[in-house]
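Below: the structure, in structure tokens.
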Amino acid sequence: TWPKKEDNRWPKAFRANGHLFLNGEKMSKSTGNFMTLIEAIERFSADGMRLTLADAGDSIEDANFDEQNAEAQLLRLHAFIEWVKEVLDISSSQTINQSANQESNNENDEKKFMDYSDRVFESAINQAIKLTEEAYENMLYKEVLKHGFFQLQNSRDNYRELCTGIEKMNMSLIKRFIEVQTLLLAPICPHVCDYVYQLLYPNKSIMEAKWPIPGKIDQSLIDSCNYLLNSVHYFRNRSKTLTAQQNKKYSEAIIHVARDYPRWQIFVINQLKKIFKENSSFPDNKILSSYFKDRPEIDVKYAKKIMPFVTYCQQLVKEANNNINILDQHLSFNEYEVLLNNQEYIQRSLKLNQLQIKLIHEEDTGCISNLDDVIPGYYTIKFDKLNY
Numbered sequence: 154t155w156p157k158k159e160d161n162r163w164p165k166a167f168r169a170n171g172h173l174f175l176n177g178e179k180m181s182k183s184t185g186n187f188m189t190l191i192e193a194i195e196r197f198s199a200d201g202m203r204l205t206l207a208d209a210g211d212s213i214e215d216a217n218f219d220e221q222n223a224e225a226q227l228l229r230l231h232a233f234i235e236w237v238k239e240v241l242d243i244s245s246s247q248t249i250n251q252s253a254n255q256e257s258n259n260e261n262d263e264k265k266f267m268d269y270s271d272r273v274f275e276s277a278i279n280q281a282i283k284l285t286e287e288a289y290e291n292m293l294y295k296e297v298l299k300h301g302f303f304q305l306q307n308s309r310d311n312y313r314e315l316c317t318g319i320e321k322m323n324m325s326l327i328k329r330f331i332e333v334q335t336l337l338l339a340p341i342c343p344h345v346c347d348y349v350y351q352l353l354y355p356n357k358s359i360m361e362a363k364w365p366i367p368g369k370i371d372q373s374l375i376d377s378c379n380y381l382l383n384s385v386h387y388f389r390n391r392s393k394t395l396t397a398q399q400n401k402k403y404s405e406a407i408i409h410v411a412r413d414y415p416r417w418q419i420f421v422i423n424q425l426k427k428i429f430k431e432n433s434s435f436p437d438n439k440i441l442s443s444y445f446k447d448r449p450e451i452d453v454k455y456a457k458k459i460m461p462f463v464t465y466c467q468q469l470v471k472e473a474n475n476n477i478n479i480l481d482q483h484l485s486f487n488e489y490e491v492l493l494n495n496q497e498y499i500q501r502s503l504k505l506n507q508l509q510i511k512l513i514h515e516e517d518t519g520c521i522s523n524l525d526d527v528i529p530g531y532y533t534i535k536f537d538k539l540n541y
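Its first residue numbered 154, the sequence shown is counted upward by one per residue in my numbering.
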């Protein structure tokens, strides 16, 4: 078809995606389950249609166009537009982030004002750029939306939650998010993204903009933020449960965090590492149970806790793609420092008058009754003093 010198015009790959389902069923005029393209665009808009179709599936199975999902996607786009308008209005009145948005002659000086939540959000934006670009290159459009829209919007919501109270949102970072979000989503929702882009940069079109370049991605920061948010979610649920039981609210709390494993768990970890390296895998749990039974290195009182801990270690290794060294330090961050540095946010979220975060050791037998349950990655929280 092409001249010999133009062989590079051949497609690199072909894709087929069968017929489109509507609300989980085949389209059929006899049953009334059908929708024309014009009807769909008039109801959901062109961008709403494109977004829903991109989210319908990447496999060779028939994609499913769900009307409820389409309505939800349209609302997401509308909410994003309204949020951008609100943020830019606030920016013009200079009421956000007066401290972090101070003028500086040196970009490095300005960088020093970025706090924990800023750095987490910045890494999340950079990660979204990288993962979204990879998904586009592989023509996985559902993955594009996962990384470049849904998770990125979730990162923004997390940042907004962390920045309530004394902390302020970094407006320059928010504008960076808006720009990146529109650029990542533009191939799928060009009309909405061009409109939002012109809100940010009047008289400029997103069609002339370049693809964003990701900066440094600090995975440990992202992991620590997920840990923090999950912890606060657990603390809230724990507080609600106790409040419902007592019909009264607690005003103080103590969080206990462990930096190291107890000695018996360290022994189990070392033995598991030895076994795994010799066999390149873990043997059956029955064999492991017999191996650790009646070991003089482990006190009898821990006998019932051995196999649950072994299972926990096996899960850590599995999640780390069979990297046995993950057992040495499975957390990529210092959980005590993360909780301590965000103590004010935790206290505010739990509506407490006072909050203490204590680092415990194996010798601290008198400070907490369930000391053995506190290991790296697993904390305890004790609520105290009722509000009458």
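Virtual Cβ for every residue (Gly too), placed ideally from N, Cα, C.
Between E405 and D376, what straight-line distance do the alpha-carbon atoms span, to the nearest angstrom?
27 Å
What is the DSSP secondary structure of L505, counted as helix, strand or coil?
coil
Short check: CB of A339 to CB of I370, under 8 Å?
no
From the DSSP output, in three-state form, read off K321 for me.
coil
Per DSSP, which residues does F303 bridge with? Please list them.
Answer by DSSP bridge pairing: none, since F303 is not bridged.
Under the three-state reduction of DSSP, which class applies to F218: helix, strand or coil?
The DSSP-derived three-state label of F218 is strand.
Would you mind working out which of P529, R272, D437 and R389 sits nearest L374, comparing C-alpha positions?
When only C-alpha atoms are compared, the closest one is R272.
Does K179 come out as helix, strand or coil in the three-state DSSP assignment?
strand
Between the alpha carbons of H409 and F174, how many angstroms are there, rounded?
Their Cα atoms are separated by approximately 52 Å.
Distance check for E488 and I510, CA to CA, integer angstroms please.
11 Å
Run through DSSP, which three-state label would K471 get?
helix
Alpha carbon to alpha carbon, how far is E287 from A209?
19 Å
Suppose you measure from the CA of H386 to the CA of P461; what does that come to, to the nearest Å?
If I take the Cα positions, the gap works out to 24 Å.
Please confirm if the stretch 426–434 is in contact with the stretch 525–535, defined as three or more CB-CB distances below 8 Å between the two stretches.
no
Taking 8 Å as the limit between beta carbons, can you name the residues of its chain near Q306, skipping five residues before and five after?
Hits under 8 Å: R229, F233 and Q334.
Grouping DSSP H, G and I as helix and E and B as strand, with all else coil, what is H409?
strand
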